[in-house]
Amino acid sequence: MMLSDKDFLRYQRQVALPEIAEQGQERLLRSTVLIIGCGGLGNIAALYLAASGVGNLILVDDDVVEDSNLQRQIAYRETDLNKTKVSALAGQIGTLNSSIRVRTIGKRIGEQQLSIEVMLADVVLDCTDNFESRHLINRICFAQSKPLISGAAVGWSGQFAIYDYSVSDKENCPCYQCLVPEEESPNDRNCSTLGVMGPVVGTIGNYQSIAAIQKLALGKFLASTNTLHLFEAKNMVWQTFEINKDKQCPICSGVTE
Numbered sequence: 014m015m016l017s018d019k020d021f022l023r024y025q026r027q028v029a030l031p032e033i034a035e036q037g038q039e040r041l042l043r044s045t046v047l048i049i050g051c052g053g054l055g056n057i058a059a060l061y062l063a064a065s066g067v068g069n070l071i072l073v074d075d076d077v078v079e080d081s082n083l084q085r086q087i088a089y090r091e092t093d094l095n096k097t098k099v100s101a102l103a104g105q106i107g108t109l110n111s112s113i114r115v116r117t118i119g120k121r122i123g124e125q126q127l128s129i130e131v132m133l134a135d136v137v138l139d140c141t142d143n144f145e146s147r148h149l150i151n152r153i154c155f156a157q158s159k160p161l162i163s164g165a166a167v168g169w170s171g172q173f174a175i176y177d178y179s180v181s182d183k184e185n186c187p188c189y190q191c192l193v194p195e196e197e198s199p200n201d202r203n204c205s206t207l208g209v210m211g212p213v214v215g216t217i218g219n220y221q222s223i224a225a226i227q228k229l230a231l232g233k234f235l236a237s238t239n240t241l242h243l244f245e246a247k248n249m250v251w252q253t254f255e256i257n258k259d260k261q262c263p264i265c266s267g268v269t270e
């Protein structure tokens with residue numbers, strides 16, 4: 014796909030970056046990103062990916078817009094209340110960049126359909142708010158060798174990690190299960206029970222979009238993979254920790270119980 018004159022003018026600030034240039038922008042326009050979860054993380058990530066020229070977005074969420082969402086899910090407006098999140102977010106994307114193709118799935122999807130959607134995507138963004146979904150997404154992305162960009166936020170804290178399962182030696186890479194074993198995942202740590210500072214969610218969603226653009230435009234992540242990035246908003250401090258591979262992991266080490 015060659016850049017049209019209109020595309021060049023629209024994305025010229027991005028094209029001017031030597032790491033991206035015209036070839037990278039063309040790759041973005043051909044790309045497909047699957048965004049699972051259209052809350053605060055998905056809001057920000059989707060808008061920046063659309064603005065950057067990612068040609069195809071698939072949005073998955075089964076919720077509707079509520080008053081309590083507006084504090085941090087800034088793609089939505091008061092006029093969107095009671096609309097499905099996927100339709101409201103798709104509408105905002107359409108007004109931002111009408112050339113982007115958006116497909117919406119306004120229901121909770123099971124393993125079979127999720128496997129199909131992951132297969133169709135170049136990059137997957139986990140923007141969900143529960144551990145059950147995160148573990149399912151991780152299993153499928155690993156099985157299909159698809160890059161997974163994971164984000165989460167609660168209270169004053171956020172976290173971000175890249176799992177590049179598209180590399181040839183993915184068996185040597187840790188996965189989300191190595192970081193948060195499914196059997197140890199807490200079920201009560203979410204925004205509803207613990208609260209969340211809105212801009213923290215935006216910060217993590219931005220990081221997810223930057224990582225996706227890197228992979229799609231350059232063919233690789235410039236940001237470190239297999240690393241947990243922790244953000245503490247009270248002190249405005251980032252910390253990074255290496256994610257160690259669990260040699261007994263049932264997902265990425267092939268160990269069965």
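Residue numbers for the sequence shown follow our numbering, beginning at 14 and rising by one.
All residues carry an ideal CB built from backbone N, CA and C; glycine is no exception.
Simplified DSSP assignment, three categories, for residue i
{"i": "residue 33", "result": "coil"}
{"i": "residue 264", "result": "coil"}
{"i": "residue 131", "result": "helix"}
{"i": "residue 67", "result": "coil"}
{"i": "residue 139", "result": "strand"}
{"i": "residue 47", "result": "strand"}
{"i": "residue 255", "result": "strand"}
{"i": "residue 243", "result": "strand"}
Inter-residue Cα distance where the pair is residue i and residue j
{"i": "residue 245", "j": "residue 18", "result": "43 Å"}
{"i": "residue 263", "j": "residue 23", "result": "46 Å"}
{"i": "residue 150", "j": "residue 127", "result": "8 Å"}
{"i": "residue 222", "j": "residue 61", "result": "6 Å"}
{"i": "residue 161", "j": "residue 104", "result": "26 Å"}
{"i": "residue 29", "j": "residue 254", "result": "33 Å"}
{"i": "residue 109", "j": "residue 169", "result": "30 Å"}
{"i": "residue 67", "j": "residue 41", "result": "5 Å"}
{"i": "residue 107", "j": "residue 116", "result": "11 Å"}
{"i": "residue 9", "j": "residue 70", "result": "This structure does not reach residue 9, given that the chain is present from 14 up to 270, and the question cannot be answered."}
{"i": "residue 174", "j": "residue 92", "result": "34 Å"}
{"i": "residue 234", "j": "residue 56", "result": "22 Å"}
{"i": "residue 119", "j": "residue 153", "result": "20 Å"}
{"i": "residue 209", "j": "residue 15", "result": "43 Å"}
{"i": "residue 249", "j": "residue 164", "result": "17 Å"}
{"i": "residue 129", "j": "residue 73", "result": "13 Å"}
{"i": "residue 143", "j": "residue 228", "result": "25 Å"}
{"i": "residue 271", "j": "residue 219", "result": "The shown model of the chain, from 14 to 270, leaves out residue 271, and the question about it has no answer."}
{"i": "residue 190", "j": "residue 20", "result": "40 Å"}
{"i": "residue 216", "j": "residue 251", "result": "11 Å"}
{"i": "residue 214", "j": "residue 87", "result": "10 Å"}
{"i": "residue 99", "j": "residue 121", "result": "12 Å"}
{"i": "residue 155", "j": "residue 198", "result": "19 Å"}
{"i": "residue 195", "j": "residue 25", "result": "44 Å"}
{"i": "residue 97", "j": "residue 90", "result": "12 Å"}
{"i": "residue 159", "j": "residue 247", "result": "34 Å"}
{"i": "residue 95", "j": "residue 181", "result": "45 Å"}
{"i": "residue 54", "j": "residue 27", "result": "23 Å"}
Closest residue to residue i among the options (Cα-Cα distance)
{"i": "residue 157", "options": "145, 179, 165", "result": "179"}
{"i": "residue 43", "options": "25, 63, 55", "result": "63"}
{"i": "residue 52", "options": "194, 123, 212", "result": "212"}
{"i": "residue 167", "options": "55, 15, 265, 206", "result": "206"}
{"i": "residue 186", "options": "96, 54, 233, 259", "result": "259"}
{"i": "residue 188", "options": "252, 266, 145", "result": "266"}
{"i": "residue 145", "options": "25, 155, 123, 130", "result": "123"}
{"i": "residue 256", "options": "172, 247, 219", "result": "172"}
{"i": "residue 114", "options": "121, 125, 102", "result": "102"}
{"i": "residue 85", "options": "225, 58, 65, 72", "result": "58"}
{"i": "residue 111", "options": "65, 261, 96, 159", "result": "65"}
{"i": "residue 231", "options": "32, 74, 21, 25", "result": "32"}
{"i": "residue 225", "options": "177, 195, 183, 182", "result": "177"}
{"i": "residue 184", "options": "261, 96, 247", "result": "261"}
Residue i CB to nearest heavy atom of the ligand GDP below 7 Å
{"i": "residue 38", "result": "With respect to the ligand GDP, the structure shown offers nothing to examine, as it has no ligands at all."}
Check: Three or more beta-carbon pairs under 8 Å between the stretch 129–147 and the stretch 40–51, yes or no?
Finding: Because the criterion of three Cβ pairs below 8 Å is met, the stretch 129–147 and the stretch 40–51 touch.
Notebook entry, point to check: In chain order, which continuous runs of the alpha helix (DSSP H) of length 4 or greater are located wholly inside the stretch 159–241?
Noted result: The alpha helix (DSSP H) runs of length 4 or more contained entirely in the stretch 159–241 are, from start to end of the chain, 189–192, 204–207, 211–231.
Notebook entry, point to check: Using 8 Å as the Cβ pair cut-off and three pairs as the minimum, do the stretch 32–39 and the stretch 74–89 touch?
Noted result: Counting C-beta pairs with one atom in each stretch, the stretch 32–39 and the stretch 74–89 have fewer than three that are closer than 8 Å, which means they do not touch.
Next item on the list: Spell out a yes or no on whether the stretch 227–242 and the stretch 69–78 are touching, meaning 3 or more CB-CB pairs, one atom from each, closer than 8 Å.
Entry: The stretch 227–242 makes no contact with the stretch 69–78: fewer than 3 CB pairs, one atom from each, lie closer than 8 Å.
Next item on the list: Could you tell me which uninterrupted alpha helix (DSSP H) segments, each at least 4 residues in length, are contained entirely in the stretch 47–120, listed from first to last along the chain?
Entry: The stretch 47–120 contains these whole alpha helix (DSSP H) runs: 53–65, 98–109.
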